[in-house]
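**Q**
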Amino acid sequence: GCHDSDLTGKNWGDNEAEFEGLWASNLTHALPQLTDEELLRLLIEGVHPERSDMYVMPAKLYQHVPESDLKALIAYLRTLEPIGEASPPPQFLPETQAAIDAGEINTSVEDVAVHAANLPLDLGAAHERGRQLAMVTCAECHGPALDGEHGFAPNLDMAGIYDRDQLTKLLTTGEGANGRKLQLMARVASAEFVHFTPDERDAVVDYVLARAEANTAP
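Below you can see the structure in the form of C-alpha cells.
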C-alpha cells in the first residue's frame with residue numbers, strides 16, 4: 033500500500049502533503065541491507081537499525097500479525113530482484129520537521145505503544161480471528177480500538193446500520209448505504225481488502241457486526 037504495487041517505493045507526500053520528501057523505500061534495494069532479525073524488528077517495533085526514528089511505517093498494525101505470517105512475508109521479500117533506483121533518505125519539509133520537534137507527530141515506535149495499549153473489544157475465541165484482522169487492517173483508519181479517528185474515520189459502531197451482505201459489499205467495493213460511494217473506503221477496498229480470502233472477509237464482517245451490537249446494546 034505504501035511502497036507501490038511493484039515495491040519500488042514512492043514519495044509519501046503524494047498521499048499526504050505534510051510528508052513531502054518522506055519516501056516509502058524501494059524495497060528491492062533496501063531489504064538486502066537488513067538481516068531477517070532487523071527486518072522483523074522494523075516491521076513490529078518500528079525500529080530501523082540505522083535511522084534514529086521512523087515515521088508512517090505501520091508497525092502499529094504489523095505487531096498484530098502472527099509471526100508465521102511475518103516470516104512468510106520476509107521469505108517472499110527475499111526473492112525480489114533489484115528494480116529501479118534506491119529511494120533517497122527522508123527529507124522533511126521545514127514545517128513538518130518543526131511539528132516533529134514539537135512532538136506533534138508520533139514516531140512509529142510511539143504509534144506501536146498507542147495501539148498496543150488501546151485494543152478493540154475482545155469478544156472471545158469465536159471472534160478472535162476477525163478481531164486480529166481488524167487490528168491489522170481497519171485500525172489503520174478507524175483507530176486502535178476501532179472507535180474512530182476524529183475528523184477522519186468514524187467509530188466502527190456505525191457498522192450496525194449494515195447487514196452482513198451490505199457490509200461485505202462495502203469491504204469489497206467501498207459502496208456504502210443506499211449505494212453511496214465512499215471515496216477513501218473505495219480506494220482501500222480495491223487496493224487491500226479485495227485480497228482477503230472469503231473466510232477472512234467473513235471473520236472481519238462477523239467481528240465488526242458483533243462489536244457494534246455489543247457496544248450499542250441498550
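Residues 33 to 250 in my numbering are what the sequence shown spells out, letter by letter. Ideal Cβ positions, reconstructed from N, Cα and C, are used throughout, including at glycine. This structure is a prediction, so every number in the text was calculated from the model and none was measured.
Indicate the three-state DSSP secondary structure (helix, strand or coil) for residue 247 in the structure shown.
**A** helix
**Q** Tell me the rounded alpha-carbon separation between residue 109 and residue 155.
**A** 34 Å
**Q** Comparing C-alpha positions only, which one of 193, 192, 172, 122 sits nearest to residue 43?
**A** The shortest Cα separation from residue 43 among 193, 192, 172, 122 belongs to 122.
**Q** Take residue 247 as the anchor and find which of 188, 223, 216, 225 has the nearest alpha-carbon.
**A** 188
**Q** Please state the DSSP three-state secondary structure of residue 210.
**A** Helix, per DSSP.
**Q** Buried or exposed: which applies to residue 184, given that a residue is buried once 16 or more other Cβ atoms fall within 10 Å of its Cβ?
**A** Counting Cβ neighbours within 10 Å, residue 184 comes out exposed, since fewer than 16 surround it.
**Q** Between the region 44 to 58 and the region 74 to 93, can you find at least three pairs of beta-carbon atoms closer than 8 Å?
**A** yes
**Q** Per DSSP, which one or two residues make a beta bridge with residue 181?
**A** 185
**Q** Going by DSSP, which residues form a beta bridge with residue 42?
**A** 56
**Q** Helix, strand or coil, according to DSSP, for residue 133 in the structure here?
**A** helix
**Q** Could you give the residue range of the alpha helix (DSSP H) that holds residue 173?
**A** 171 to 174
**Q** Please report the straight-line C-alpha distance between residue 119 and residue 134, rounded to a whole angstrom.
**A** 27 Å
**Q** Residues in its own chain within less than 6 Å of residue 79 by CB, not counting five upstream and five downstream?
**A** 73
**Q** What is the residue span of the alpha helix (DSSP H) that residue 143 lies within?
**A** 140 to 149 is the extent of the alpha helix (DSSP H) around residue 143.
**Q** From residue 116 to residue 71, what does the alpha carbon distance come to, in whole angstroms?
**A** Cα to Cα, the separation comes out at about 21 Å.
**Q** Under a Cβ-count criterion, where at least 16 other Cβ atoms within 10 Å of its own Cβ denotes burial, should residue 41 be classed as buried or exposed?
**A** buried
**Q** Per DSSP, what kind of secondary structure is residue 65 in: helix, strand or coil?
**A** helix
**Q** Would residue 200 and residue 237 qualify as a contact pair, given that the criterion is a beta-carbon distance under 8 Å?
**A** yes
**Q** Less than 7 Å between C-beta atoms, sequence neighbours within five positions excluded: which residues of the same chain meet that for residue 4?
**A** Past the edges of the chain, shown from 33 to 250, lies residue 4, and the structure says nothing about it.
**Q** Determine, using beta carbons only, whether residue 240 and residue 191 come nearer to each other than 8 Å.
**A** yes
**Q** Exposed or buried, residue 216, counting other C-beta atoms within 10 Å across all chains shown (16 or more means buried)?
**A** exposed
**Q** If you follow the alpha helix (DSSP H) that residue 111 is part of, which residue opens it and which one closes it?
**A** Segment: none, residue 111 is in no alpha helix (DSSP H) and carries neither H nor E.
**Q** On the CB-based measure, 16 or more other CB atoms within 10 Å of its CB, does residue 92 come out buried or exposed?
**A** buried
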